[in-house]
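Chains as they are written, first to last, in the numbering used here: chain A, 2 to 669; chain B, 27 to 80. Even for Gly, the Cβ is constructed at its ideal location relative to N, Cα and C. Step one of this worksheet: look at the structure below.
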């Protein structure tokens, strides 16, 4: 029996899906978390007779006349695959809005069971719903559910009703017949919608009783007035992100990292003592420095990342991230991005790949491609070790470094969007409507699941891609082109050094013209964590986190001395790695979503140019401020930067001219 | 080469083989994120999932 879960966005479909299947799909306290259907079997505790119940979680929809691509997924599935039963999830706290879609579903002839979800929240808000009358009026079973509760949640009753509905030969009757799925003209459609709203409103008046006055402002409304305020919204967001970084990078994260790195050190020392003196030094270094040291240096940052993602998951679950989308919408709209662009970017803070994939919900091709191009600028989980390392080495683990990287990313995204709009000459606007979810106490359980899921991914990546890359890097730096072992005092004769040196020359104006940094930047394209791993291998540092003082190994000054670059150059290197193209997997995702080679190569060129220009300015201005003179290679760098800016300005003018010629821009 | 050297070579080859095996297996399964099938919990929602499950 195929059972579809259908309902409005953020009515709790995925939470209900997880509760009845036992799966742990990601749940977000905001609309639009699910953009594709998911399947699962009802768990045995709810299905004691082992009925063959396959549940399909569909993206949220407000209507059977799709407006967004997620709604199309839902409509197509229901119409084409005809599930045996539909569980229509209705948000008890917003009955009138939810029932519009319910009346359309009831017209399809498929047995419907209505799940009155979030009944607990409705009760708390002083809303009472007369379930028997609602069931009678809708001509289908209506069950109260609280999918977030482990017991007494109405789920056994719901599944029982679903099985009964599926086995019944009775055809689903519709309380209102208005041709929900037929293609109608705009006027006809408006008339039908009006009739439907009238029916729903009269039904709600009959079954719902509210104790609170609709005019009275709730605490949630008052909080929203401040949190989404035109001017206060941004500083509040900055303060929240700063707090998150302080907890993860300066307080709790390093404490946990200290213990964790202690274990890695023990492993390193244990293996080193086992190997003894008689082992071939090249082989010993390959195992110790290349594999254990290189992977360990990356893994050492795991606790910091876990704490960060735990905090971000709490924020998302509380409903705050949806408010961030509203705060940022004002800026994004002005630069030609869709308000929907914010969601992929927030998703991209975990990993750029799903962030880029989330752009498919944006209908306008230019906005979708621009968002796919700019989403990788958001610091993803893989970039966090790089941020943590450079913040620690050059700025004493100050939380402002990570926070400023987030805000720099947002600023760069806004400026880039403005540039891309000029280049493409597409000035079309779109409007973003998002239903704000209610604030709630975030679930520690959900945040913990999210944190461990990311930790697992991080460990798998470190044990696969990072391990192989570090082993290759160690081999390349141990031998020269004649396959002779490189002398300890002549690492520049290695294969790796000779491959990376020509590239390093290009980085002199950016302050990090050393082959080790060039090699790390290149391996960073395979996976961004590789930057840390490669630096650990090439500078022969086994871990970057001190086990005794919660500071970077031997204090930042020592690693700083090993790296041999200034703080300005360190910051420039960090900026370069954050704003140049993402890893290959994310580039693959960009290719899929952009569906245009021209856009893809344009995006990669833009990202490369952006990273180079930003790093140049950070290093040169930083050096001017700290030392009083311009940095090395200023002249050559200025020529390169001027050339990049010149190309961008030329393309912007060309785009504008083309559109003026076609009459799409009226103003100059 | 001593016995210890052979042991190290064996361990390194084993570790790299396991890593490459996992990478190739994931690629064949259709995972988009290099090296793992769980780059984050959003992966499956946006199509980054095991092809056999689709």
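8 Å Cβ shell around residue 645 (chain A) - same chain, five flanking residues per side excluded: Non-local C-beta neighbours of residue 645 (chain A) in its own chain, meaning closer than 8 Å and more than five positions away in sequence, comprise 610, 613, 614, ordered along the chain.
Buried or exposed: where does residue 90 (chain A) fall if 16 or more other Cβ atoms within 10 Å of its Cβ makes it buried? Classification for residue 90 (chain A): buried.
If you draw a straight line from the alpha carbon of residue 452 (chain A) to that of residue 309 (chain A), how long is it in whole angstroms? 8 Å
Kindly indicate which residue of A:139, A:170, A:123, A:656 has the alpha-carbon position closest to the one of residue 146 (chain A). A:123
Strand pairing of residue 441 (chain A), partner residues [DSSP]: According to DSSP, which records beta bridges pairwise, residue 441 (chain A) is partnered with nothing at all.
Could one say the Cβ of residue 54 (chain B) lies closer than 9 Å to chain A's Cβ atoms, at least one of them? no
Residue 394 (chain A) to residue 226 (chain A), Cα distance in whole Å? 40 Å
Report the option in A:603, A:247, A:528 whose CA atom is closest to the CA atom of residue 367 (chain A). A:603
So the candidates are A:154, A:342, A:535; which of them puts its Cα closest to the Cα of residue 501 (chain A)? A:535
Contact list for residue 41 (chain B) against chain A, beta-carbon separation under 7 Å: 292, 468
Contact between the region 562-572 of chain A and the region 505-519 of chain A: three or more CB pairs below 8 Å? yes
Decide if residue 651 (chain A) is buried, meaning its Cβ has at least 16 other Cβ atoms within 10 Å, or exposed. The residue in question, residue 651 (chain A), is exposed, as its Cβ has fewer than 16 Cβ neighbours within 10 Å.
With respect to the beta strand (DSSP E) encompassing residue 541 (chain A), which residues constitute its N-terminal and C-terminal limits? Per DSSP, residue 541 (chain A) belongs to no beta strand (DSSP E) and is neither H nor E.
In whole angstroms, what separates the C-alpha of residue 331 (chain A) from that of residue 365 (chain A)? 18 Å
Of the residues that make up the region 466-498 of chain A, which ones have a beta carbon closer than 7 Å to any beta carbon in chain B? 466, 468, 469, 472
Beta-carbon spacing of residue 530 (chain A), residue 299 (chain A) below 9 Å: yes
How do the region 157-168 of chain A and the region 104-116 of chain A stand: do at least 3 beta-carbon pairs fall below 8 Å, yes or no? With a cut-off of 8 Å, the region 104-116 of chain A and the region 157-168 of chain A count as touching, because enough Cβ pairs lie within range.
What residue from A:283, A:464, A:400, A:417 has the CA that sits closest to residue 242 (chain A)'s CA? A:400
If I'm right that residue 519 (chain A) touches residue 467 (chain A) with Cβ under 8 Å, what's the distance once you round it to whole angstroms? In fact, because the Cβ distance is near 19 Å, the residues do not count as touching under 8 Å.
When the cut-off is 9 Å and only beta carbons count, does residue 385 (chain A) lie next to chain B? no
Within the continuous beta strand (DSSP E) that includes residue 117 (chain A), where are the two ends? 113-118
So, for residue 632 (chain A): in the same chain, excluding its five sequence neighbours on each side, which residues have a beta-carbon less than 6 Å away from its beta-carbon? So the qualifying residues of the chain are 512, 620, 621, 624.
I need the straight-line Cα distance from residue 28 (chain B) to residue 35 (chain B), nearest angstrom please. 11 Å
Between the alpha carbons of residue 371 (chain A) and residue 421 (chain A), how many angstroms are there, rounded? Here the C-alpha atom of residue 371 (chain A) lies approximately 7 Å from the C-alpha atom of residue 421 (chain A).
Can you find a C-beta in chain B that's less than 9 Å from the C-beta of residue 137 (chain A)? For residue 137 (chain A), the answer is no, since every Cβ of chain B falls outside 9 Å of its Cβ.
Between the region 412-431 of chain A and the region 322-339 of chain A, do at least 3 Cβ pairs fall closer than 8 Å? Short answer: they touch.
Neighbourhood of residue 667 (chain A) by C-beta, 8 Å cutoff - its chain only, sequence neighbours within 5 removed: Annotation note: pLDDT 45 at residue 667 (chain A) (below 50); position unreliable, coordinate value reported separately. The same chain holds no residue with a CB closer than 8 Å to that of residue 667 (chain A) once the five nearest residues on each side in sequence are set aside.
Could you name each continuous beta strand (DSSP E) segment of 3 residues or more that falls completely within the region 67-97 of chain A, going from the start of the chain to the end? 86-92
Which same chain residues end up closer than 6 Å to residue 402 (chain A) when comparing Cβ atoms and leaving out the 5 residues on each side of it in sequence? Close CB contacts of residue 402 (chain A) within its chain, under the 6 Å cut and outside five residues either way in sequence, are with 392, 396 (chain order).
Which class does residue 175 (chain A) belong to by DSSP, given the choice of helix, strand or coil? In the structure shown, residue 175 (chain A) sits in coil (DSSP, three-state: anything other than H, G, I, E or B).
Per DSSP, which one or two residues make a beta bridge with residue 41 (chain A)? A:56
Roughly how many whole angstroms lie between the Cα atoms of residue 465 (chain A) and residue 443 (chain A)? 34 Å
Distance between beta carbons of residue 526 (chain A) and residue 470 (chain A), contact taken as under 8 Å: Between residue 526 (chain A) and residue 470 (chain A) the Cβ distance is about 11 Å, and since that is not below 8 Å, they are no contact.
Assigned secondary structure, residue 189 (chain A) (DSSP; H/G/I helix, E/B strand, else coil): Collapsing the DSSP output to three states places residue 189 (chain A) in a helix.
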